[in-house]
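Each remark here refers to the structure printed beneath this line.
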Amino acid sequence: MKAVRLHHYGEQPRLEDVPEPSISQPLDVIVEVGGAGLCETDLQVIQGQWGARTDPVLPLTLGHENAGWVREVGTAVENVQAGDPVIVHPLTTCGFCRPCRAGDEAHCERAAFTGVDFDGGMAELLLTSARSLVKLRPLLQPAEVATLADDGLAAYHTVRAALPLLYPGTCAVVLGAGRLGRVGLQCLLALSPAEVVVVDLSDRDLGVAAGLGAHHTVRAGRGQVQAVRDLTSGAGADVVLDFAERPGAEADRIAMVRRAGSYFVVGSGANMDIPAVDVIASEINVVGKFSGSHGDLADLVTLAAQHQIKLETSTYDLDSVAEVISDLANGRLRSWGVLTPTPG
Ligand SMILES: [Zn+2]
Ligand SMILES: [Zn+2]
Numbered sequence: 001m002k003a004v005r006l007h008h009y010g011e012q013p014r015l016e017d018v019p020e021p022s023i024s025q026p027l028d029v030i031v032e033v034g035g036a037g038l039c040e041t042d043l044q045v046i047q048g049q050w051g052a053r054t055d056p057v058l059p060l061t062l063g064h065e066n067a068g069w070v071r072e073v074g075t076a077v078e079n080v081q082a083g084d085p086v087i088v089h090p091l092t093t094c095g096f097c098r099p100c101r102a103g104d105e106a107h108c109e110r111a112a113f114t115g116v117d118f119d120g121g122m123a124e125l126l127l128t129s130a131r132s133l134v135k136l137r138p139l140l141q142p143a144e145v146a147t148l149a150d151d152g153l154a155a156y157h158t159v160r161a162a163l164p165l166l167y168p169g170t171c172a173v174v175l176g177a178g179r180l181g182r183v184g185l186q187c188l189l190a191l192s193p194a195e196v197v198v199v200d201l202s203d204r205d206l207g208v209a210a211g212l213g214a215h216h217t218v219r220a221g222r223g224q225v226q227a228v229r230d231l232t233s234g235a236g237a238d239v240v241l242d243f244a245e246r247p248g249a250e251a252d253r254i255a256m257v258r259r260a261g262s263y264f265v266v267g268s269g270a271n272m273d274i275p276a277v278d279v280i281a282s283e284i285n286v287v288g289k290f291s292g293s294h295g296d297l298a299d300l301v302t303l304a305a306q307h308q309i310k311l312e313t314s315t316y317d318l319d320s321v322a323e324v325i326s327d328l329a330n331g332r333l334r335s336w337g338v339l340t341p342t343p344g
C-alpha cells in the first residue's frame, strides 16, 4: 500500500509502497483511511522536535488526524464492525492504569500517539485499537471530520473545561481565529451563554469569526486590552482561551483576564513569562490544555453531525503530500488540509 514515510528528521517524508498492516492483537482494528489531516504537529515531527520526547523508530508513517472505514477487526472487538465509518482518537490507551480507570485516558500511563510514536494514517490503511474509535453518524464523511481528531479535540477539551465558569452575563475571549480558534469559537457558541470576543491580527480571519457568529471582534495590536475592557465594563474577560499559534503580546494576553478570572492556554505560540505577583494579586487561574478524551471526541462528532461545527477543508490525494506540507509550512494553507488515501 502507499504511505507517507519519514526516514530522517529534517528531511521531507516520501510517498512509497510498504506492506499492509495485519491484525495481531485481539483489540486491533484496521481502518481504510478516508481522511488524514495535516497540522503544525506534522512539521514538528518532521523536524525531530517530538523525537526527543517519544523516540519513535524511523521510518515512520505520519498522520495523527484520521478517519475512515473499518476494514478488519481482531477477535475481541465488539464496538465496531467492517464497513463502519469511524474517526480515530490519536491516542491508543491501555484501559487499566489509574488515569484510564478514572476516565482520563488522555493521561494514560502507556499512551502512544498515532503518527508520532507508531505508524499513522497518511496511508491507505491504519492499524489502531478498538478503544480509539468513535463511530461516525452516516451523514458525516471521514475526510470532512478527520481534523476534529486533533485541533478540534484540543479546542473542545479547552472549552469544556471553561464551561462551568461561563454563566449568562460572562465574557469569553478567544485569542486567535486560526484553525484551533475557529473550532473553539463554535464550541463556545454552541454550549455556553457567554458573550464571545475574538481577537486576531488578520482582518480576514476576524471576518470568518464574525461569519461564524462571534459577538464582537477585536483587531490584535495596540489597544487590544482596552478594547476588551471596554466590552466588559472595564473588568476584563471572565475567561481568556488562548488558541494563538504565533508568539507575541504575551503580557496583553494575561491583562485581558479579569480579577479571579481564568486563562486557558492551548495554542503553543506563546512564551509564558508572567510576573508571579500579578497572578497572586489578581488570583488568576492559569490552565494548560492539550488533547481531549475519547468522550470529548464523541461529543465533538455529535456537534459536527448537528451542523454546530463547520470546518473548511481542502482535500488532496496522497500524491500531493509534498505540496500540502509546503503550503502548511509557508502559511499558504488557510483552511484544513486533508489527504484522502481512499476517497469517499
Ligand atoms: Zn494535528
Ligand atoms: Zn492507561
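Those letters in the sequence shown? Residues 1 to 344, per UniProt numbering, in order. Note that the Cβ used here is the ideal one computed from N, Cα and C, for glycine as well. A quick note: this is a predicted structure, and the numbers were derived from the prediction, not measured.
Bridge-paired residues (DSSP) for residue i
{"i": "PHE118", "result": "THR114"}
{"i": "ASN330", "result": "In DSSP, ASN330 forms no bridge with anything."}
{"i": "VAL198", "result": "VAL174, THR217"}
{"i": "ARG14", "result": "ARG5"}
{"i": "LEU339", "result": "ALA36, TYR316"}
{"i": "VAL265", "result": "ASP242, GLY288"}
{"i": "VAL257", "result": "ALA237"}
C-alpha gap between residue i and residue j, whole angstroms
{"i": "ALA304", "j": "ALA251", "result": "35 Å"}
{"i": "PHE113", "j": "CYS100", "result": "15 Å"}
{"i": "TYR263", "j": "VAL239", "result": "6 Å"}
{"i": "SER192", "j": "ALA162", "result": "9 Å"}
{"i": "ALA67", "j": "SER282", "result": "44 Å"}
{"i": "LEU127", "j": "GLY121", "result": "8 Å"}
{"i": "SER129", "j": "THR232", "result": "47 Å"}
{"i": "VAL208", "j": "GLY83", "result": "36 Å"}
{"i": "VAL228", "j": "ARG110", "result": "42 Å"}
{"i": "GLY169", "j": "GLY181", "result": "21 Å"}
{"i": "LEU311", "j": "VAL257", "result": "29 Å"}
{"i": "HIS89", "j": "SER202", "result": "31 Å"}
{"i": "GLN25", "j": "ALA76", "result": "9 Å"}
{"i": "PRO19", "j": "PRO341", "result": "15 Å"}
{"i": "ILE23", "j": "CYS108", "result": "23 Å"}
{"i": "VAL4", "j": "ALA123", "result": "6 Å"}
{"i": "GLN12", "j": "ALA322", "result": "8 Å"}
{"i": "GLY288", "j": "HIS157", "result": "11 Å"}
{"i": "HIS216", "j": "ALA194", "result": "12 Å"}
{"i": "LEU297", "j": "VAL134", "result": "7 Å"}
{"i": "ALA276", "j": "VAL286", "result": "11 Å"}
{"i": "GLU72", "j": "VAL29", "result": "6 Å"}
{"i": "GLU78", "j": "ALA177", "result": "40 Å"}
{"i": "VAL196", "j": "ALA214", "result": "6 Å"}
{"i": "LEU15", "j": "LEU318", "result": "8 Å"}
{"i": "MET1", "j": "PHE118", "result": "17 Å"}
{"i": "ASP200", "j": "CYS94", "result": "39 Å"}
{"i": "ALA36", "j": "LEU62", "result": "9 Å"}
{"i": "PRO164", "j": "LEU188", "result": "12 Å"}
Whole-Å CB distance - residue i paired with residue j, under 8 Å assumed
{"i": "VAL225", "j": "ALA255", "result": "5 Å"}
{"i": "LEU175", "j": "ALA244", "result": "5 Å"}
{"i": "LEU38", "j": "VAL218", "result": "Not confirmed; about 29 Å, so no contact."}
{"i": "residue 369", "j": "THR315", "result": "Outside the displayed span of the chain (1 to 344) sits residue 369, for which this structure offers no information."}
{"i": "HIS64", "j": "GLY115", "result": "4 Å"}
{"i": "LEU136", "j": "VAL80", "result": "In fact, because the Cβ distance is near 11 Å, the residues do not count as touching under 8 Å."}
{"i": "VAL31", "j": "VAL70", "result": "6 Å"}
{"i": "residue 345", "j": "VAL301", "result": "In the structure displayed, the chain extends from 1 to 344; residue 345 sits before or after that span and is not available."}
{"i": "ALA154", "j": "GLY292", "result": "7 Å"}
{"i": "residue 345", "j": "THR41", "result": "With the chain covering 1 to 344 only, the question about residue 345 has no answer from this structure."}
{"i": "GLY48", "j": "TYR9", "result": "3 Å"}
{"i": "VAL173", "j": "ASP151", "result": "Not really, about 19 Å apart at Cβ, beyond 8 Å."}
Residue-level contact to chain D via CB, residue i, 8 Å cutoff
{"i": "ARG71", "result": "Chain labels in this structure do not include chain D; a single protein chain is all it has."}
Distance cut-off 7 Å: residue i Cβ against heavy atoms of ligand 4
{"i": "GLY181", "result": "For ligand 4, the structure offers nothing, since it holds only ligand 1 and ligand 2."}
### Inside the region 214-250 only - beta strand (DSSP E) runs reaching at least 3 residues
216-219, 237-242
### Query
Mind pulling the beta strand (DSSP E) runs of 3 or more residues that sit fully within the UniProt domain "Alcohol dehydrogenase-like N-terminal" (26-136)?
28-37, 65-73, 85-88, 125-129, 133-135
#### Entry: Below 7 Å from a heavy atom of ligand 2 - residues by beta-carbon
THR93, CYS94, GLY95, PHE96, CYS97, PRO99, CYS100, GLU105, CYS108, GLU109, ARG110, ALA111
### Query
In chain order, what are the residues with a CB under 6 Å from some non-hydrogen atom of ligand 1?
CYS39, THR41, HIS64, GLU65, ASP150, ASP151
### Message
Quick check on the DSSP output: what are the complete beta strand (DSSP E) runs of length 3 or more inside the region 267-303, in order along the chain?
### Response
285-288
### Runs of alpha helix (DSSP H) wholly within the region 133-159 (minimum 4 residues, chain order)
142-145
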